[in-house]
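Read the structure below first, then the notes.
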Amino acid sequence: MNGVIIQFFHWYHPGNLWNEFAEKAEYLRDLGFTAVWFPPANKCSLNMEGRGYDVYDLYDLGEFDQKGSIPTRYGTKAEYLMAIEKAHGVGMSVYADIVLNHRMGGDEEEKIMVHQLNEENRNERISENMEVSAYTKFTFPGRKGVYSDFIWDHHCFSGIDYVIREGEEMKGVFKIHNE
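Mapping of the sequence shown onto numbering that gives the first Met the number 0: position 11 corresponds to residue 10, and the numbering continues sequentially without gaps.
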């Protein structure tokens, strides 16, 4: 049997998505949907305005007080798990969108070495090496080491799009110099 998946989110959704899905799961199944695609459930750097793609903490699914709230835009971890259970209960598969290669909203600033690249051709260097400040350290103080005590710093990244040099904010594509 071929299945039919529904993307149960869009960019302008106001939030509280997990509860909305739980309320509509049976209706969606009756319409013929066999699977649901959920947006990223993690805590975002933009807090309740984030859509899941401005990843702050992959381990915080709406459980810790970080970035100004406990829930994410879409709800709490308990509501997320309830939505998944509801989908499974009505016979629907669940696909979770996960963004692993983004980090935004670092907790601490670090002094790092970078050089700027051409945004249209990232093999082309357009600046000399320079020391800048960047929010590349992620300590997740609200989570306090639950699930993982790993601290992300500039060594974990190869590039960044926002730096501060001599008090001036710079946007672009910057290659981070690591060992």
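Note that the Cβ used here is the ideal one computed from N, Cα and C, for glycine as well.
Using CA atoms only, rank isn't needed, just tell me which of Met-129, Tyr-146, Trp-151 is closest to Thr-138. The residue with the shortest Cα to Cα distance from Thr-138 is Trp-151.
DSSP beta-bridge partners of Ala-34: Partner(s): Ile-4, Ser-92.
Express the C-alpha separation of Asn-120 and Lys-42 in angstroms, rounding to a whole number. Each residue's alpha carbon lies about 32 Å from the other.
Through-space distance from Glu-118 to Ile-159, alpha-carbon basis: Rounded to whole angstroms, Ile-159 to Glu-118 spans 12 Å at the Cα level.
Suppose you measure from the CA of Tyr-52 to the CA of Glu-127; what does that come to, to the nearest Å? Their backbone Cα atoms lie some 31 Å apart in a straight line.
Figure out for me which residue from Phe-32, Ser-44, Gly-49 has the closest Cα to the Cα of Pro-38. Per the Cα distances, Gly-49.
Selection from Glu-123, Lys-174, Lys-143, Met-81 that minimises the alpha carbon distance to Asn-15: Checking every option, the nearest Cα to that of Asn-15 belongs to Met-81.
Would you call Ala-77 buried or exposed, if buried means 16 or more other Cβ atoms sit within 10 Å of its Cβ? Its Cβ having fewer than 16 others within 10 Å, Ala-77 is exposed.
Taking DSSP's pairing of strands, which residues face Asp-56 in a bridge? BP columns for Asp-56 point to Lys-42.
Between the Cα of His-153 and those of Arg-102, Asn-122, Lys-170, spot the shortest distance and give me the residue it belongs to. Residue Arg-102 is the option with its Cα nearest to His-153.
Do Ala-40 and Lys-85 have their C-beta atoms within less than 8 Å of each other? Taking 8 Å as the Cβ cut-off, Ala-40 and Lys-85 do not qualify as a contacting pair.
Is there contact between the stretch 98–114 and the stretch 54–63, where contact requires at least three CB pairs shorter than 8 Å? As far as the Cβ criterion goes, the stretch 98–114 touches the stretch 54–63, which means the pair count is three or higher.
Taking only the alpha-carbon atoms, compute the straight-line gap between Ser-157 and Gly-88 and give it to the nearest angstrom. For Ser-157 and Gly-88, the gap between their C-alpha atoms comes out near 42 Å.
Give every residue of the same chain whose Cβ lies closer than 8 Å to the Cβ of Tyr-94, excluding the five residues on either side of it in the sequence, and list them in chain order. Here the set comprises Ile-4, Ala-34, Val-35, Trp-36, Phe-37.
Distance check for Tyr-161 and Ser-184, CA to CA, integer angstroms please. Only positions 0 to 178 of the chain appear in the structure, and residue 184 is not among them; the question remains open.
Report the partner residues of Phe-173 according to the DSSP bridge assignment. Bridge partners of Phe-173: Gln-115, Ile-159.
What is the rounded straight-line gap between the Cα of Lys-136 and the Cα of Arg-28? About 44 Å.
Asn-46 and Lys-66: beta carbons closer than 8 Å? Yes, they are a contact pair.
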